[in-house]
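Chains as they are written, first to last, in our numbering: chain A, 1 to 512; chain B, 1001 to 1380.
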Amino acid sequence: MTDQPPVLEMRGIMKLFPTGTLANDAIDLALRPGEIHALLGENGAGKSTLMNILYGLVTPDAGEIRIDGQPVTIHDPADAIARGIGMVHQHFMLVPVLSVAENVVLGDEIVRAGQILDLGEGARRIKLLAQKLGFEIDPSTRVDQLSVGQQQRVEILKAIYRNARILVLDEPTAVLTPQETREIFEVLRRLRGEGASIIFISHKLDEVLEIADRITVIRRGKVVGSRRPSETNENELAELMVGRAVSLRVDRGRSHPGEAMLEVRGLRARNDRGHDVLQGVDLSVRAGEILGIAGVAGNGQEELVEALIGLRKPTAGTIRLAGHDLTHALVDERRDRGMAFVPADRHKYGLVLTYPLDDNLALTRYGDPPFAGGFAGIIRNFKAITANAIRLMKEFDIRAPDPKTPAGTLSGGNQQKVVVAREFRHDLRLLVLDQPTRGLDVGSIEFIHKQVIGRRDDGAAVLLISAELDEVLDLSDRVLVMFRGQIVGTFPAEEAQREKVGLLMATGGARA
Amino acid sequence: MSRLRRAAGRIWRVASIPLLAIILAFIVAAVVIVVSSVFTSTGLDVFLPLGAYGSLLAGAFGSGTGISNTLVAAAPLILGGLAVGLGFKAGLFNIGVAGQFLVGAFAAAVVGARLAGAPGVIAAPVALIAGALGGAAFGFIPGFLKARTGAHEVVTTIMLNNAAVLLLTWAVNDLVRAPGFSFPRTGDLGHSALPILLGRNVHLGIPIAVLAVFSVRWLLDRTTNGFEIRTVGQNPNAARYAGMRPIFITTLTMTLSGLLAGVAGAIQMLGVIGFYAPGITASVGFDSIAVALLGRSDPIGILFAAILFGAFRAGAPLMQIETSVPVEIIDIIQALVILFLAADLIVRRVFRVRAAKPVISELATVTRTWAGGAPPGGGA
């Protein structure tokens, strides 16, 4: 396989952004036929820029692209598609109200008798393609009825339908559950078996080691190494990626819990569809303690945090923080009492994407001094808002040209850092973390874990919810297992073994 | 120097599409003028648009009278445009400016007539405030309904526009009809009329409108309330998460929007019309939507857009007198401006503009409020 000539070569690719960022600094990349080639790098390392150059979305300042040995110029995505390049973006480009078949053929429709759309023929081909890739899909289903994993497969079908031989996947697993990740890997292996060449962008070490034939690591716009999975390991890759030794394990240290800070008793709540998804939750978090909640997604965790922060009305039960009853308190009242919340969905809750960074970094304290003052306390203090942004950008290594950059233009990892930086105040009583490291690279995860432990040691109570069981187990001083809206088990950290917790998560124990 | 260039670049980014849309509208309207000239007694005249636009310009800005007519016509549009624009900032589409304008005008007329004999320094401000409160109350209703029940403001404000017309017609006929006139109307304003500051018709309402521009700008840019309004408009979930109360802010914004529309009605009543009679047109209400779109909801942008639309109104008569091009061509130009704003892709293609924002976000609000959330046919 290695001695075959590369199907795609990128040589000396340079891209300098007007903001002064050298996103790609003489990058060389060679993709061989029938290989899965992982591009590994931190958020903002330049992976996406490189792929956008390949797909004709960004024009390089210098460098050469060769396909099958022939130099080519790619002006726009239509050019890229014509040359057999397909791209699956992190955020899907599907029309939600159209069917699978309509989405796949869109822009490349089969027509009969001049103008009549032949959707049936398209649907037939789609079914066939899906079967070849090892999954079933009903081409007549509307896309908004599909799960995220299924939608991603539709994106892949779209590319293959257009005869893509080179498929680029931009962080395909960031939005998937572990089960869906396994399934998509199966699809990618089948694709490779069919002779396609795949570029797989990721910053998840275990994944690239599992799926890739070759791994190219990019750091700050440069290729810093290329490895085969068999000749490397997570620690070496992490070090290459970040540029220093990274500890993949958390050094939690000893906790010194004080008195109970958060006390929840008999909490019940309904989800948006009116189902009772919280069925009497009792829990307490002590000052200086990290309490982790393990559970398969959809067992009421989301509703629990929303009830805690005040975004969802409980139907019964009480919430007390440091002795104050906050069951029916407004969100800002809870914040004033020392609650902070890193939400799972940063686009829904955590950020206003059109706002500049500085407004986002003060979003949850916009009305408090020093951010507001003057007449009736309603005059915004821009000096303080900007100063706060500059300080937090430095402290949390948020990579952006300046505090006026719109939050929506940052990479996902940097956006997450904005939310974390804002919520990790020093005067916290309760920090609620819902998937705090989703979409972050190892360097950033290490940093945020340290910050979490720092806040705990400052005496804050921390409630952690994560889909990554390892994260819950690594960070928590105590682990609760949530199942169908109830707490079904409690483990002190030293007794929380992966298997025991995982079994309880899946079955709910005796109550299942 | 570079700061100046950056500022210019910023202005160009937001203003380029509206400016080019205006230019394109004039070009297309010129074609209409030339084509329609074929059917007049003078026959085909390819230079007619130049003459017509020249007269339009002269009528609007060519003389003291022209300028004051432009300003008088612009003043209610400025306030109405601010009303619509403020709603857009909160993600609300207030189509009810027409109704709020009428209620404001009516309240100012009734209170003004009552105070006709009082000293002007008291009578005029009180009448003005009555108009503002009337508009605010009429804006509060859809705001409150939206916040409490989710009733869509596009639907409720359209219905309230009709309610306003009918309710006020009844009120003028049966409640406050002034004696001694052959048709139903409110009494004379007397001392409640806004003082004329300059010339024949430049009344106090004009500086009030300009003051409102800077007040709204200050509110939106400098205050926490303005930040709340904008945040609710951009991301209501994030607003809730940040501790804001979208229910309260929605109600507040619609009330403020109604207040601005009410002031528009009040200054028009106290500065121009003089009395309330059924059949008073509220075309200001609908032109305000166009002004807000053209001004991209930015108070300063709205100021310029309103002056432009005011100039159309003020200059059109001279155009018709001098060149026989009918004043209705103004409606065509205004409609084309909005068309090209909505279909900004055309503007981009024609002028090869790349830099500016791809979609005008106010229009996104319009389409979103139209398509999403509203009951079927809600926007029709």
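Heads up, the beta-carbon is just placed ideally off N, CA and C, and yes, glycines get one too.
All values derive from a computational prediction rather than experimental measurement.
In this structure, A/Val223 lies away from A/Ile36, with their beta-carbon atoms at least 8 angstroms apart.
A/Val331 counts as buried, since at least 16 other C-beta atoms from the protein chains shown sit within 10 angstroms of its C-beta. The beta strand (DSSP E) runs lying completely inside the stretch 261 to 336 of chain A and spanning 3 residues or more are 276 to 286, 289 to 294, 316 to 321, given in chain order. The bridge partners DSSP lists for A/Glu423 come to none. Bounds of any beta strand (DSSP E) do not take in A/Arg220, whose DSSP letter is neither H nor E. Spatial neighbours of B/Gly1187 in its own chain (CB-CB distance under 6 angstroms, excluding positions within 5 residues in sequence) are listed in chain order as Ala1113, Ala1178.
Per the C-alpha coordinates, the member of A/Gly63, A/Ala389, A/Glu289 positioned closest to A/Ala260 is A/Glu289. At a cut-off of 8 angstroms, the C-beta of A/Lys383 has no neighbouring C-beta in chain B.
For A/Leu157, the closest alpha carbon among the candidates A/Asp170, A/Gly120, A/Leu128, A/Ala384 is that of A/Leu128.
Under the three-state reduction of DSSP, A/Phe200 is assigned to strand. Look at B/Asn1237 here: in three-state DSSP terms it is helix. Chain-order list of chain B residues neighbouring A/Arg380: Asp1221, Arg1222, Thr1223, Thr1224, Gly1226, Phe1227, by C-beta distance under 9 angstroms.
Along the stretch 330 to 346 of chain A, the positions whose C-beta sits under 9 angstroms from a C-beta of chain B are Leu330, Val331, Asp332, Glu333, Arg334, Arg335, Asp336, Phe341, Pro343, Asp345, read in chain order. For B/Pro1184, there is no enclosing beta strand (DSSP E), as DSSP gives it neither H nor E. B/Gly1085 places its beta carbon 8 angstroms or farther from that of B/Ser1283. Residue contact check for A/Thr437 against chain B: no CB pair falls below 8 angstroms.
Within chain B, the residues Thr1224 have their CB atoms less than 7 angstroms from the CB of A/Gly367, given in chain order. Contact check for A/Leu39 and A/Ile184: beta-carbon distance about 17 angstroms, past the 8 angstroms limit, so the pair fails to qualify. In this structure, DSSP gives A/His75 a state outside helix and strand, which the three-state scheme calls coil.
Segment contact: the stretch 1257 to 1265 of chain B against the stretch 1070 to 1085 of chain B, three or more CB-CB distances shorter than 8 angstroms; contact assigned. For B/Asn1237, the C-beta contacts it makes with chain A under 8 angstroms involve Lys348, Tyr349, in order along the chain. With respect to the 8 angstroms criterion, A/Ala164 and A/Ile85 are classified as neighbours on the basis of their beta carbons. Shown here, A/Ile116 sits in a strand according to DSSP, grouped into three states. In this structure, A/Leu351 keeps its C-beta atom at 8 angstroms or more from the C-beta atom of A/Ala400.
About 5 angstroms separates the beta carbons of B/Val1028 and B/Leu1336, which is inside the 8 angstroms limit, making them a contact pair.
Sequence-ordered contacts of the stretch 1073 to 1097 of chain B with chain A are nonexistent [C-beta pairs closer than 8 angstroms]. Annotation: A/Val305 to A/Asp434 spans about 8 angstroms, alpha carbon to alpha carbon.
B/Thr1231 reaches chain A at Val352, Tyr355, Asp359, Leu363, Tyr366, counting residues in chain order whose Cβ is nearer than 9 angstroms. With a contact defined as Cβ atoms closer than 8 angstroms, B/Gly1120 and B/Pro1184 miss out at about 26 angstroms. In chain B, no part has a C-beta under 7 angstroms from the C-beta of A/Leu463; the shortest such distance is about 16 angstroms.
In terms of beta-carbon proximity, B/Ala1242 lines the interface with chain A, with at least one pair separated by less than 8 angstroms.
For the pair B/Ile1208 and B/Ile1267, the CB atoms are nearer than the 8 angstroms cut-off. The DSSP-derived three-state label of A/Asp251 is coil. Around B/Gln1268, no beta-carbon contact reaches into chain A at under 8 angstroms, the shortest distance being about 31 angstroms. By the C-beta criterion, the stretch 1096 to 1114 of chain B is judged to be in contact with the stretch 1161 to 1178 of chain B, since at least 3 inter-stretch pairs fall below 8 angstroms.
Nearest CB-CB separation between B/Gln1334 and chain A: not below the 8 angstroms threshold.
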